[in-house]
Structures are given as C-alpha cells and as structure tokens.
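Note that the sequence shown covers residues 1 to 270 in the UniProt record's numbering. Ideal Cβ positions, reconstructed from N, Cα and C, are used throughout, including at glycine. Below is one structure, written out as structure tokens, with a few remarks after it.
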Amino acid sequence: MIKLLVSDLDGTLINKENQVASHDVEALKKLREHGIDICLASGRMDNEIMEVAKSVGDQFHRVSQNGAFVITNDEKALHSQTFQHELAKKLYESTRSDDKITIVCSDNTNFVEEKNEILKQIELRFFFPIEEQKKMLDEIGLSLNPSKITILGYHEEILKLQQAVNEMFHDDVDTFISEQGCLDIMPKNISKGNAVLVLLDHLQLKPEEIACVGDSFNDIPMFQLTPNSFAIAHAHEDVKKEASYVVETVSEAVEKILEKNAQEQNIIHS
1 MIKLLVSDLD GTLINKENQV ASHDVEALKK LREHGIDICL ASGRMDNEIM
51 EVAKSVGDQF HRVSQNGAFV ITNDEKALHS QTFQHELAKK LYESTRSDDK
101 ITIVCSDNTN FVEEKNEILK QIELRFFFPI EEQKKMLDEI GLSLNPSKIT
151 ILGYHEEILK LQQAVNEMFH DDVDTFISEQ GCLDIMPKNI SKGNAVLVLL
201 DHLQLKPEEI ACVGDSFNDI PMFQLTPNSF AIAHAHEDVK KEASYVVETV
251 SEAVEKILEK NAQEQNIIHS
C-alpha cells in the first residue's frame with residue numbers, strides 16, 4: 001500500500017503563477033480522505049513551500065532547497081545542511097559572471113549583489129522578495145550562511161558551467177539542473193532522494209510505500225527510491241525515462257495511486 005505521496009512544486013504541482021490547479025487541490029484532498037500522507041519537495045525555500053500549503057489549506061511534510069532541510073507537518077526539523085563558509089566563498093567566486101545571475105540562498109532568503117530588470121522579472125515567480133547584498137563575499141560566513149547557490153543563464157552555458165563545477169568541486173558539492181537554464185549547487189550528498197529517506201525513517205515507512213511525482217533532473221533521486229515514480233509529461237526525456245510512469249498532472253498520478261491501493265486491498269481481502 002502507498003502511504004505517502006511526495007510531490008515536486010514548480011512545473012508539477014504549481015504553475016508559473018505559483019498556483020495549484022483546482023483538480024490537483026481536489027486530488028490532494030482525496031489522498032487525505034484515503035489516509036495517505038503528503039510531502040512537498042522542492043528546490044524552493046521552506047517559507048515558500050509553506051505558502052503553497054496555505055493556498056491548498058493543509059499542512060504537509062516539507063523537503064526544501066533540494067533536500068538541505070527536512071521538516072515534518074508538525075514542525076519537527078529532521079535535517080538541515082549548509083555549506084562550509086570557505087567552500088561557499090570559493091563557489092561564489094568561481095560561478096559569478098557578468099552574463100549570468102548568481103543567487104545565494106541563506107536562512108529562507110535569496111540574495112544577489114545587485115538587482116536589475118531581469119531579476120525583477122524573475123522575482124515575480126517567488127513568494128518573497130530577493131534581497132540585495134552588495135558585499136556578498138564579505139558577508140558569507142558572517143550574516144550569510146548559504147545552503148544553496150543558484151546560477152541562471154542561457155541553458156547551454158549553464159550546462160557547461162555545471163560540468164566545470166563538477167570537475168572543480170566534485171568532492172564537495174552536488175549539482176542539479178532544476179529547470180531550463182537553472183543550475184542549483186548543493187552541499188555534497190544533498191538531494192531530494194536522501195532527504196526523503198530521512199523522512200521515511202522518521203515515519204517508519206519503506207520506499208515501496210511511497211509514491212513521488214516530479215518533472216526535473218533534481219527529482220530523479222526521488223524516482224530512484226521507489227517503483228511508484230511519476231514524471232510529468234512535459235519533462236525532459238532523460239527525466240521521464242527514470243520514472244515508472246508518465247502522467248499529465250498530479251491528479252492523474254493520484255488516480256493511479258488510489259487504483260493501486262484498491263487493488264492491493266482486494267488482494268488482501270481475497
């Protein structure tokens with residue numbers, strides 16, 4: 001029986017306007033009615049995930065910043081991880097450039113050295129403002145305790161940068177393409193998959209008792225945990241091939257989960 005659904009946010013449960021479709025809201029309610037728990041897992045900060053939960057009118061377990069933080073629906077912190085300060089400084093120095101945007105995430109706030117018109121457009125996708133920190137390098141280790149560094153740019157350039165970061169810092173970081181033209185750099189061994197394992201241990205669930213749904217490369221570590229993995233149809237082909245099923249929406253995944261559980265119940269009672 002599937003007892004927990006783990007859902008990605010951007011491109012999966014929410015659209016570019018940060019809204020959850022009504023059919024997906026109803027699907028989550030239906031899961032609750034069947035006693036199935038829910039976790040939201042995202043590259044976003046925890047305070048943004050909480051805004052999504054509020055819009056749905058529920059409380060969820062939360063995996064934020066690609067797995068750097070794990071918090072239960074009753075606000076118990078299970079895991080947190082940030083960069084060592086010297087490493088964060090080296091990463092920032094190595095990845096910032098005039099033709100890309102580098103965002104440093106610290107304590108549920110996103111920081112950039114200077115905001116411009118492009119950043120103001122990007123900011124519209126966030127629930128909270130991006131803050132300016134003109135002395136970024138100086139403040140890392142003082143007022144800033146980075147947990148994620150994100151670089152935005154042209155997709156081909158971002159792919160080249162990912163390769164360079166992996167070669168230079170392979171012992172210290174993991175990298176994920178979270179969407180087109182967006183590279184997330186995380187402390188080593190931080191992923192949605194490892195974070196979900198922390199939550200499963202707390203809930204005393206087995207990997208086969210969960211389902212997960214997502215649309216990006218940072219969702220693949222979740223897909224690899226369980227046979228009940230669902231990729232959204234617009235995902236990259238390399239993402240879809242890592243999932244057991246391809247669906248159009250979270251609500252379609254929920255239908256398949258409930259069907260599977262009904263079949264399992266019939267087997268038990270037969």
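Note down, in chain order, each residue of its chain lying with its Cβ closer than 6 Å to the Cβ of residue i, except the 5 sequence neighbours on either side.
| i | result |
| --- | --- |
| Thr95 | Thr102 and Ile151 |
| Phe223 | Ser229, Glu242 and Ala243 |
| Ala253 | Val213, Phe230 and Val247 |
| His202 | Leu78 |
| Ser191 | Gly67 and Pro221 |
| Asn194 | Gly67 |
| Pro207 | Leu225 and Thr226 |
| Ile49 | Leu40, Ser42, Arg62 and Ser64 |
Compare the Cα-Cα distances from residue i to each of the options and report the closest residue.
| i | options | result |
| --- | --- | --- |
| Ala233 | Phe83, Gln224, Ser216 and Ala88 | Ser216 |
| Lys148 | Lys206, Glu132 and Gln84 | Gln84 |
| Ile140 | Ser178, Glu86 and Gln162 | Glu86 |
| Lys30 | Met1, Val239, Leu258 and Ser97 | Leu258 |
| His61 | Val6, Ala21, Ala235 and Gln162 | Val6 |
| Asp8 | Met1, Val20 and Ile2 | Val20 |
| Glu209 | Asp99, Met136, Glu264 and Ala235 | Glu264 |
| Pro221 | Asp37, Asp138, Asp174 and Gln121 | Asp174 |
| Phe126 | Ala262, Asn15 and Met1 | Asn15 |
| Asp24 | Ala53, Ser42 and Ile2 | Ala53 |
| Gln180 | Lys188, Asn189, Ala164 and Ile158 | Ile158 |
| Ala211 | Phe176, Val250 and Met50 | Val250 |
| Ala235 | Pro207, Leu225 and Asn218 | Asn218 |
| Val165 | Pro227, Lys135 and Ile185 | Ile185 |
| Asp171 | Ile49, Lys260, Ser80 and Asn189 | Asn189 |
| Asp58 | Glu33, Glu117 and Phe128 | Glu33 |
| His155 | Lys134, Asp99 and Met136 | Asp99 |
| Ser55 | Ala262, Glu75, Ser22 and Ile71 | Ser22 |
| Ile71 | Glu117, Ala41 and Lys160 | Ala41 |
| Ser97 | Gly153, Asn261 and Gly11 | Gly153 |
| Asp138 | Gln121, Lys90 and Glu167 | Lys90 |
How should residue i be labelled, buried or exposed, when 16 other C-beta atoms within 10 angstroms of its C-beta is the threshold for buried?
| i | result |
| --- | --- |
| Ala27 | buried |
| Asn266 | exposed |
| Tyr92 | buried |
| Asn66 | buried |
| Gly35 | exposed |
| Asp238 | exposed |
| Asp37 | buried |
| Leu13 | buried |
| Asp10 | buried |
| Leu144 | buried |
Which same chain residues end up closer than 7 Å to residue i when comparing Cβ atoms and leaving out the 5 residues on each side of it in sequence?
| i | result |
| --- | --- |
| Pro146 | Thr82, Phe83, Ala88, Val104, Cys105, Ser106 and Ile140 |
| Leu119 | Ile101, Val112 and Ile130 |
| Asn108 | Met45, Asp46 and Asn47 |
| Lys240 | Ala231 and Val246 |
| Leu205 | Lys3 and Leu4 |
| Lys76 | none |
Residue i by DSSP, collapsed to three states: which one?
| i | result |
| --- | --- |
| Glu114 | coil |
| Pro129 | coil |
| Lys100 | coil |
| Phe83 | coil |
| Thr72 | coil |
| Met148 | The residue asked about is misnamed: residue 148 is Lys in this sequence, not Met. Reduced to three states, the DSSP call for Lys148 is strand. |
| His34 | coil |
| Asp58 | coil |
| Thr12 | coil |
| Ile267 | helix |
| Ile140 | strand |
| Glu249 | Inspection of the sequence shows that residue 249 is occupied by Thr rather than by Glu. In the structure shown, Thr249 sits in coil (DSSP, three-state: anything other than H, G, I, E or B). |
| Leu124 | coil |
| Ser42 | coil |
| Ala77 | strand |
Beta-carbon within less than 8 Å of residue i's beta-carbon, same chain only, minus the 5 sequence neighbours each way: which residues are those?
| i | result |
| --- | --- |
| Val39 | It is Cys, not Val, that sits at residue 39 in the sequence shown. For Cys39, where only same-chain residues beyond five positions count, the Cβ hits under 8 Å are Leu4, Leu5, Val6, Ser7, Phe60, His61, Arg62, Val63, Val196 and Leu199. |
| Glu255 | Ala27 |
| Glu132 | Phe111, Val112, Glu113, Glu114 and Lys115 |
| Gln162 | Thr175, Ile177 and Leu183 |
| Glu17 | none |
| Glu51 | Asn18 and Phe127 |
Problem set entry | Uninterrupted beta strand (DSSP E) stretches inside the region 193–231 (no shorter than 3 residues) | If only complete runs of 3 or more residues are kept, the region 193–231 shows the beta strand (DSSP E) at 210–214, in order along the chain.
For this session: Go through the region 155–195 residue by residue and report every complete run of the alpha helix (DSSP H) that reaches 4 residues or more, in order.
Result: Runs found: 155–169.
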